[in-house]
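Structure first, then comments.
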Amino acid sequence: MKKVFSVVFAGIMAASLCACGNQTGNATASDVAAKENNGVKEQITLSVWGAQADQALLKELCEKFASEHPENDWQFDYGVVGEADAQARYLEDPAAAADVFSYPDDQMTTLVEADALYEVTRNADEIKSANVPASVEAASYGGTLYGYPMTADNGYLLYYDKSVLSEKDVESLDGILAAANKAGKKVHMDVSNGWYIASFFLGNGCKLTIDENGKQICDFNNEKGLEAAEAIRKFCDDPAFVTGDDSVLQGGIGDDICCGISGPWVSASVKEKLGDNYAAAKLPTFTCGGKQVQMGSFLGCKVLGVNTQSAHPVEAMELAEYLTNEESQARRFEVLGYGPSNVKVAESDEVAADATLKALADQSKYAISQRVNGAYWTPAEAFGAELEGHTGNDLQAMLDQLVEQATAE
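By this note's numbering, the letter at position 5 of the sequence shown is numbered -10, and the numbering carries on one by one without gaps.
Here is the structure:
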């Protein structure tokens, strides 16, 4: 009965919001003129949360939004609440939470289940087509868009020393290993980290996600998963392979390590070590089941959401859409260096000039949202550690154990 009521209520709210949008959100020039002539501008006060580093730009963009929407008298209250703290702060007191706030995509499930986020009922199709698919997935729950993609820069890429590896070499893992062995260098990847090892499975078509009932889906033990596992074992057994955390890559690249996989947080240190030999690229293809397969990856995104308790949901949606549109994402990249989710900005000359973000943008085409629960990480780490340790244990049995533990309720 609750489920039926929720569906009906959601439909009523969506229709209501659309109706409100037609009356208020899409004001015509004559509507604006009439308001101004009568001196009856409606005062709209919206509270907006953002991280400390984002505050100056957030105010700039909100003021620009107000100037472009003169039909209302806009007031903005700004709160310093970073993405990592958004969920906890909202749950403390939903009524006191901001009308518009940013959060990381891994908080999406909890926020939706807490009835914290309005479904995006305005321009949803346009928003989806304007942003990279992985960011749209990250801003959705159960196939419904609940947020506005803002960034797409929490992923991983290949860093490499271009004095050792060519652009052609880094297109495939086979090419990388051949060139590394010839030069007596190492290829770094933390295979015992579930975030990275998933690249092989996802690339070969396996699934790792959460369904609409909150159950984890993982099919790494099917035929495609076994092919991927065999490719990982072959990689780990190669003389050029080296594992370890980020400190191993940061300390060794440019010396005994010629390339490695990590995220944008190591970009500065890798650039410092490599200097003019610094280069970055999307993840390579790898030989799997007798064919070349592109490595997949996870992509974490920052998302803007609209509070269901907002007194001005239509206007809050307008603001959220504006703060994440092409122009605002370009400005956010220019000022803060954040990787855009907007397709046009990601493909711009400005982003292309940043090798790290260009590589992330190129890899985002093969990435999925990191919608994974905690049951996956420990068995994935154990599986990778066995391959790194060259135990020779039966791969199918290992995969069966991984999946059993990752999907345990």
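Glycine included, C-beta positions come from ideal geometry on N, C-alpha and C.
None of these values were measured; they are calculated from a predicted model.
Reference T228, options G245, S254, E215 and G239, closest by Cα: Along the sequence shown, one-based indexing puts residue 228 at 243. Per the Cα distances, G245.
Environment of K153 [buried if 16+ CB atoms lie within 10 Å]: Here residue 153 refers to the residue found at position 168 when the sequence shown is read from its first residue. Answer is exposed; the Cβ neighbour count stays below 16.
Under 8 Å between C-beta atoms of P134 and C286: As a first step, residue 134 is located in the sequence shown; it is residue number 149 there, counting from the start. As a first step, residue 286 is located in the sequence shown; it is residue number 301 there, counting from the start. By the CB criterion at 8 Å, P134 and C286 fall inside the cutoff.
Close Cβ partners of A38 (< 7 Å) along its chain, the five nearest in sequence each way excluded: Indexing the sequence shown from 1 puts residue 38 at position 53. Same-chain partners within the cutoff: L321.
Outcome for A4 when other beta-carbon atoms lying within 10 angstroms are tallied against a minimum of 16: Looking up residue 4 in the sequence shown gives position 19. Only weak support is given to the placement of A4: the predicted model assigns it a pLDDT of 39, under 50, and the question is left unresolved by the model.
Other residues of its chain near F368: CB distance less than 6 Å, five sequence neighbours each side excluded: For the purposes of this step, residue 368 is identified with residue 383 of the sequence shown, where counting begins at 1. Result list for F368: M383 and L387, in chain order.
Own chain, CB closer than 8 Å to L130, minus 5 neighbours either side, in chain order: Start at 1 with the first residue of the sequence shown, and residue 130 comes out as number 145. Counting only Cβ-Cβ distances below 8 Å, and skipping sequence neighbours, we find E104, V105, A109, I112, K113, V121 and A124.
First and last residue of the uninterrupted beta strand (DSSP E) at E27: Stepping through the sequence shown from its first residue, residue 27 is reached at position 42. Per DSSP, E27 belongs to the beta strand (DSSP E) from E27 to G35.
Closest Cα partner of A360 within the set W34, E311, I195 and A83: By 1-based counting over the sequence shown, the position of residue 360 is 375. Per the Cα distances, I195.
Neighbourhood of N262 by C-beta distance below 6 Å, restricted to the same chain and skipping five residues each side: As a working mapping, residue 262 is identified with position 277 in the sequence shown. Excluding residues within five positions, the ones whose Cβ falls inside 6 Å are D146, K147 and S148.
Cα-Cα separation between N292 and D223, rounded to whole angstroms: To locate residue 292, count along the sequence shown from 1; it is residue 307. To locate residue 223, count along the sequence shown from 1; it is residue 238. Taking the straight line from one Cα to the other gives about 51 Å.
T212 to D230 span [Cα, whole Å]: If you number the sequence shown from 1, residue 212 lands on position 227. If you number the sequence shown from 1, residue 230 lands on position 245. The sequence as given places Glu at residue 212; Thr does not occur at that position. If you take the alpha carbons of E212 and D230, they lie about 26 Å apart.
Cβ shell of S254 (< 6 Å), same chain only, five flanking positions each side left out: To locate residue 254, count along the sequence shown from 1; it is residue 269. Result list for S254: Q235, in chain order.
Euclidean distance between Cα positions of V97 and K267: Against the sequence shown, residue 97 aligns to sequence position 112. Against the sequence shown, residue 267 aligns to sequence position 282. Spanning the alpha carbons of V97 and K267 requires a straight line of approximately 32 Å.
Classification of E394 by the beta-carbon crowding that lies within 10 angstroms, buried from 16 upward: Numbered from its first residue, the sequence shown carries residue 394 at position 409. Classified as exposed, E394 has fewer than 16 neighbouring CB atoms from the shown chains inside 10 Å of its CB.
Straight-line gap, K192 to R356 (C-alpha atoms, nearest Å): Within the sequence shown, the letter at position 207 stands for residue 192. Within the sequence shown, the letter at position 371 stands for residue 356. One C-alpha to the other measures close to 11 Å.
Neighbour-count burial assignment, A41, 16 or more Cβ in a 10 Å radius: Locating residue 41 in the sequence shown gives position 56, counting from the first residue. With fewer than 16 other CB atoms across the displayed protein chains lying within 10 angstroms of its CB, A41 is exposed.
8 Å Cβ cutoff met for S184 and M280: As a first step, residue 184 is located in the sequence shown; it is residue number 199 there, counting from the start. As a first step, residue 280 is located in the sequence shown; it is residue number 295 there, counting from the start. Going by C-beta atoms, S184 is nearer than 8 Å to M280.
CB of C221 within 8 Å of CB of H375, strictly: As a first step, residue 221 must be located in the sequence shown, where it is residue number 236. As a first step, residue 375 must be located in the sequence shown, where it is residue number 390. With a cutoff of 8 Å on beta-carbon distance, C221 and H375 are scored as near each other.
Proximity below 8 Å, CB of V85 to CB of L289: In the sequence shown, residue 85 corresponds to position 100, counting from 1. In the sequence shown, residue 289 corresponds to position 304, counting from 1. Going by beta carbons, V85 and L289 fall inside the 8 Å limit.
Buried versus exposed call for A71 [16 or more other C-beta atoms within 10 Å across all chains shown]: The sequence position of residue 71 within the sequence shown is 86, counting from 1. Within a 10 Å sphere around the beta-carbon of A71 sit 16 or more other beta-carbons, which makes this residue buried.
First and last residue of the uninterrupted alpha helix (DSSP H) at C221: Taking the first residue of the sequence shown as position 1, residue 221 is located at position 236. C221 -> alpha helix (DSSP H) spans E208 to C221.
Of the residues S177, Q60, A165 and N378, the one placed nearest W475, counting alpha carbons only: An answer regarding residue 475 cannot be provided, because it is not within the stretch -14 to 394 covered by the chain.
Boundaries of the beta strand (DSSP E) in which K276 is found, first to last residue: For this step, residue 276 is matched to residue 291 along the sequence shown. Where K276 is concerned, the enclosing beta strand (DSSP E) starts and stops at K276 to Q279.
Local Cβ density within 10 Å of V25, reported as buried at 16 or more and exposed below that: Position 40 of the sequence shown, counted from the first residue, corresponds to residue 25. Flag for V25 reads exposed.
Residue range of the unbroken beta strand (DSSP E) whose run includes T270: On the sequence shown, position 285 is the one that residue 270 refers to. Counted as a single uninterrupted DSSP element, the beta strand (DSSP E) harbouring T270 occupies residues T270 to C273.
Cβ shell of M174 (< 7 Å), same chain only, five flanking positions each side left out: As a working mapping, residue 174 is identified with position 189 in the sequence shown. These residues qualify, in order along the chain: Y181, T228, G245 and I246.
Proximal residues to G188 (C-beta, below 6 Å), its chain only, five neighbours per side dropped: Numbered from 1 along the sequence shown, position 203 holds the residue referred to as residue 188. Sequence-distant partners of G188 (beyond 5 residues in either direction) whose C-beta falls short of 6 Å from its own C-beta, in its chain, are V278, Q279, M280 and G281.
Range covered by the alpha helix (DSSP H) that runs through I238: Locating residue 238 in the sequence shown gives position 253, counting from the first residue. Segment: none, I238 is in no alpha helix (DSSP H) and carries neither H nor E.
Among A83, E48, F50 and A73, the one whose alpha carbon lies nearest that of P298: Looking up residue 298 in the sequence shown gives position 313. Selected option, being the one with the closest Cα: A83.
Coarse secondary structure for F205, derived from DSSP in three states: Here residue 205 refers to the residue found at position 220 when the sequence shown is read from its first residue. Three-state DSSP puts F205 in coil, outside helix and strand.
Distance between E303 and I242 (C-alpha atoms, nearest Å): The sequence position of residue 242 within the sequence shown is 257, counting from 1. The sequence position of residue 303 within the sequence shown is 318, counting from 1. For I242 and E303, the distance between alpha carbons rounds to 49 Å.
Same chain, Cβ closer than 6 Å to T9, five either side skipped, listed in chain order: If you number the sequence shown from 1, residue 9 lands on position 24. In this predicted model, T9 has a pLDDT of only 35, less than 50, meaning its place in the structure is not dependable; the value taken from the coordinates is given anyway. Non-local C-beta neighbours of T9 in its own chain, meaning closer than 6 Å and more than five positions away in sequence, comprise V299, ordered along the chain.
Residue(s) in a DSSP beta bridge with G398: The structure shown does not extend to residue 398, since the chain is modelled only from -14 through 394, so no value can be given for it.
Three-way DSSP call (helix, strand, coil) for N57 in this model: For this step, residue 57 is matched to residue 72 along the sequence shown. N57 falls in the strand class under three-state DSSP.
Enclosing alpha helix (DSSP H) for T363 [first to last residue]: Mapped onto the sequence shown, residue 363 falls at position 378. For T363, the uninterrupted alpha helix (DSSP H) run begins and ends at W362 to E373, by DSSP.
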